[in-house]
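Remarks on the structure that follows.
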Amino acid sequence: RRCAWACPFGIDVGEVSRSIRQILYEMGLAPTYVVGVINNLESTGNFLGAPPEVIKAVINNVIYEIKKEKGIDIKVKIDEKAQALLLPSACADYTIAIETLKGYILVLSKLGIDFTISTKAPDITNYGLFMDERHMKLIAERIVDEAKKLGVKLVIAGECGHGWRVFKNYIIPRLRDYGIEGTHILYLTADAIRRGLIQVNKSLNGDAHYVYMDPCHYARGGDLVNEPRYILSMVTKNYTYLNEKPQLAICCGGTSGMLSKDMEELSITYAKLWYEKAQAKKADYIVVPCAACKLQMDRALPKLNKIYNYKITYTGLMDLVYKALTINYNE
């Protein structure tokens, strides 16, 4: 939370807000948007409330597109036992950020990791964080239970800021009770590039100027700062950072239920803070490895581009890895 870093008294307004939300929930005064998402997560295991058939169709379409774009056949296990369980973020990776999902699948396949995606727990998202601890734990335990059922030894989180915060601080300790480890796809990818296990060509992402924006829950709530920067430096030629001090990163304006329609005007007004910084850095793309950030960019950028008469597009980080990853067809 930015306020806790900046406040001379160290007052954590975020924790105060969470406590107030929990009290309001017990009084029956919960945000409709957050309640709807939590109902979906608890009933179907994913943010969208999508049935298993939809999840399978998206994955099969991604496999087809990877074959068409990269020229390789990839097999993805669904609801099968494997060594690792991949947790995308349904709200973005199955909808507006398919390129991100392609990045996960291609990297894990090239690394030879035996992984599966579950239709019962296909989502790293956890909106219980914005409601109360009981719901947060209920949603998190679905992932733990599914990891045990599928016999995996590793669970891999996708690009989701608040999902990673819950995963790192609650789910990983719970997984370790059963001899299972947890990590983030960006840790795996950064390590693979450093060790030469996958090859990338930054020229494949062109000459555009990419500006990296730290998700709040990575920079302050999840200790995921250096790896995204390293990956960006390896997959793009022209890049910089929106925040020289990641701990003081500006929120995208889309987290904590701010994506609801009734909060749109306020969230876009707030988004001007980071947009003006990105414009000053002459950004062509703003890089956001977080699902809520992507949803906010998808909503806010068309309006902000019009207001400022400028054009900025957004992308996930694994999207750029997907484009830059080169294939050795002789392997």
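Just so you know, the numbering used here puts 43 at position 43 of the sequence shown, and the rest follows in order with no gaps.
C-beta: ideal position from N, C-alpha, C; glycine also.
Source: prediction; values computed, not measured.
Excluding the 5 residues preceding and the 5 following residue i in the sequence, name in chain order all residues of the same chain whose CB lies nearer than 7 angstroms to its CB.
| i | result |
| --- | --- |
| Ala280 | none |
| Tyr322 | Glu99, Lys102, Gly103 and Leu106 |
| Val144 | Ile171, Arg174 and Leu175 |
| Phe47 | Val37, Asn40, Leu41, Ala90, Cys91, Asp123 and Thr125 |
| Thr236 | Lys202, Asn205, Tyr210 and Leu320 |
| Leu224 | Trp164, His184, Leu186 and Tyr218 |
| Val76 | Ile59, Ile63, Ile105 and Ile117 |
In terms of residues, what are the limits of the alpha helix (DSSP H) holding residue i?
| i | result |
| --- | --- |
| Ile156 | From DSSP, Ile156 is part of no alpha helix (DSSP H) but of the beta strand (DSSP E) over Leu154 to Ala157. |
| Glu181 | Per DSSP, Glu181 belongs to no alpha helix (DSSP H); it is in the beta strand (DSSP E), Glu181 to His184. |
| Val144 | Glu133 to Lys149 |
| Pro173 | Ile172 to Arg176 |
| Asn61 | Pro52 to Lys70 |
| Gln247 | First-last for Gln247: undefined, no H or E at that position. |
| Ala90 | Ala90 to Asp93 |
Just checking residue i against the ligand SAH - is the residue's beta carbon closer than 6 angstroms to any of the ligand's heavy atoms?
| i | result |
| --- | --- |
| Glu53 | This structure lacks the ligand SAH, and indeed carries no ligand of any kind. |
Does residue i come out as helix, strand or coil in the three-state DSSP assignment?
| i | result |
| --- | --- |
| Asn201 | coil |
| Thr125 | coil |
| Val287 | strand |
| Val211 | strand |
| Thr240 | strand |
| Asn46 | coil |
| Thr32 | helix |
| Lys282 | coil |
| Ile96 | coil |
Whose C-beta lies closer than 6 angstroms to the C-beta of residue i among residues of the same chain, with five residues either side of it excluded?
| i | result |
| --- | --- |
| Gln296 | Cys252, Gly253 and Gly254 |
| Gly257 | Pro31, Tyr33, Val34 and Phe130 |
| Tyr241 | Tyr212 |
Determine, using beta carbons only, whether residue i and residue j come nearer to each other than 7 angstroms.
| i | j | result |
| --- | --- | --- |
| Gly221 | Arg134 | no |
| Asp93 | Thr119 | no |
| Leu150 | Thr116 | yes |
| Lys70 | Ile327 | yes |
| Ile268 | Lys303 | yes |
| Glu159 | Ala190 | no |
| Val155 | Tyr212 | no |
Please name the residue or residues paired with residue i in a DSSP beta bridge.
| i | result |
| --- | --- |
| Lys311 | DSSP output for Lys311 lists no bridge partner at all. |
| Phe115 | Ala84 |
| Lys77 | Thr116 |
| Tyr270 | Tyr270 pairs with nothing; no bridge assigned. |
| Asn39 | None, per the DSSP bridge assignment. |
| Thr326 | In the DSSP output, where bridge partners are listed per residue, Thr326 has none listed. |
CB-CB under 8 angstroms to residue i, same chain, minus the five flanking residues each way: which ones, in chain order?
| i | result |
| --- | --- |
| Met131 | Arg21, Gln22, Tyr25, Ala30, Val34, Val35 and Ile38 |
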